[in-house]
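Here the sequence shown stands for residues 1 to 189, where the numbers follow my numbering.
Where is the CB? At the ideal position from N, CA and C, for every residue including glycine.
Have a look at the structure below before the remarks.
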Amino acid sequence: MSSNETDIVADAQKGDLEAFNKLVLSYQDRIFNLAVRILGDSALAEDITQNTFLTAYLNMLSFRNGSFRGWLFRITTNLCYDVHRRHKRYPVVSLENDVDNEERLSPLYDFPEPSTLPEKELEKRELEQVVQQALNQLDSDQRTVVTLIDIQDFDYKEAAQILEVPIGTVKSRLARARQQLRLRLSANN
């Protein structure tokens with residue numbers, strides 16, 4: 001954590017709402033991306049993002065020096081796990097088509113770079129969709145590890161702290177997840 005961020009966190013802990021808002025602006029996209037990768041649903045991810053920052057705001061005094069990013073990601077993964085547990089106990093049957101859900105996952109205003117060829121952009125989006133579908137087929141523990149390490153660029157130690165598991169567990173989940181992804185992606189080719 002940079003000294004500037006440390007100061008902002010300290011100010012937020014003193015009740016400075018403007019400082020907390022700076023933290024929200026700094027992390028909201030990363031928190032949303034983590035949640036959407038774990039849950040595979042952008043509407044749920046928006047709720048989780050909002051709840052993450054609400055939980056963080058209400059518990060700022062409990063944050064004790066360390067990785068603020070890791071603390072936020074821990075809150076996010078816990079909230080995502082709560083959603084998974086709730087859905088296991090009380091399954092929800094969607095009245096929408098899977099196509100509608102896939103459309104919701106793609107950004108509304110994600111225009112290609114002017115120098116990008118339309119065919120290349122289409123190929124890129126199709127590949128992203130295939131990868132997201134493969135990620136969604138993983139169990140939540142594996143999907144979370146892949147998201148933290150391969151997408152959010154956490155190292156093994158940080159991921160282990162966020163998930164509150166030993167580093168060996170992170171490595172084995174990641175290896176199994178990558179193997180499953182390879183199998184699923186090669187089956188799509």
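Buried or exposed for residue i, going by 16 or more other Cβ atoms inside 10 Å?
i       : result
Ile-167 : exposed
Leu-143 : What sits at residue 143 in the sequence shown is Arg, not Leu. Buried, by the Cβ-count rule.
Leu-61  : exposed
Ala-43  : exposed
Asp-82  : exposed
Gln-129 : exposed
Leu-183 : exposed
Leu-127 : exposed
Ala-187 : exposed
Leu-181 : buried
Gly-66  : exposed
Thr-76  : buried
Asp-141 : buried
Gly-40  : buried
Leu-25  : exposed
Arg-85  : exposed
Leu-72  : buried
Among the residues of its own chain, which have a CB less than 6 angstroms from the CB of residue i, if the five just before and after it don't count?
i       : result
Ala-159 : Leu-148, Ile-149 and Val-170
Asp-16  : none
Val-9   : Phe-68
Return the chain-ordered list of same chain residues with a C-beta closer than 7 angstroms to the C-beta of residue i, the five sequence neighbours on each side being excluded.
i      : result
Tyr-57 : Phe-20
Leu-79 : Ile-48, Asn-51 and Thr-52
Gly-70 : Glu-158, Gln-161 and Ile-162
Asp-11 : Ala-19
Asp-98 : Because Asp-98 sits at a pLDDT of 49, beneath the cut-off of 50, its placement in the model cannot be relied upon, and the point is left open.
Does any CB atom of chain C fall closer than 8 angstroms to the CB of residue i?
i      : result
Asn-78 : The structure shown contains no chain C; it holds only a single protein chain.
Take residue i and list the residues in its own chain whose beta-carbon comes closer than 8 angstroms to its own, dropping the five residues that flank it on each side.
i       : result
Val-145 : Ala-159, Leu-163, Val-170, Arg-173, Leu-174 and Ala-177
Leu-185 : Val-130, Val-131 and Ala-134
Asn-4   : none
Leu-138 : Val-146, Ala-177, Gln-180 and Leu-181
How about residue i: is its Cβ closer than 7 angstroms to a heavy atom in the ligand MN?
i       : result
Gln-132 : Among the components of this structure there are no ligands whatsoever, and the ligand MN is therefore not found.
Just to confirm the assignment: which complete alpha helix (DSSP H) runs, minimum length 4, are found wholly within the region 9-85? 17-39 and 42-58
Any 3 or more C-beta pairs closer than 8 angstroms across the region 19-33 and the region 48-59: yes
In chain order, what are the residue ranges of uninterrupted alpha helix (DSSP H) at least 4 long that sit wholly in the region 125-154? Assignment of alpha helix (DSSP H) within the region 125-154, counting only whole runs of 4 or more residues, yields 140-146 in chain order.
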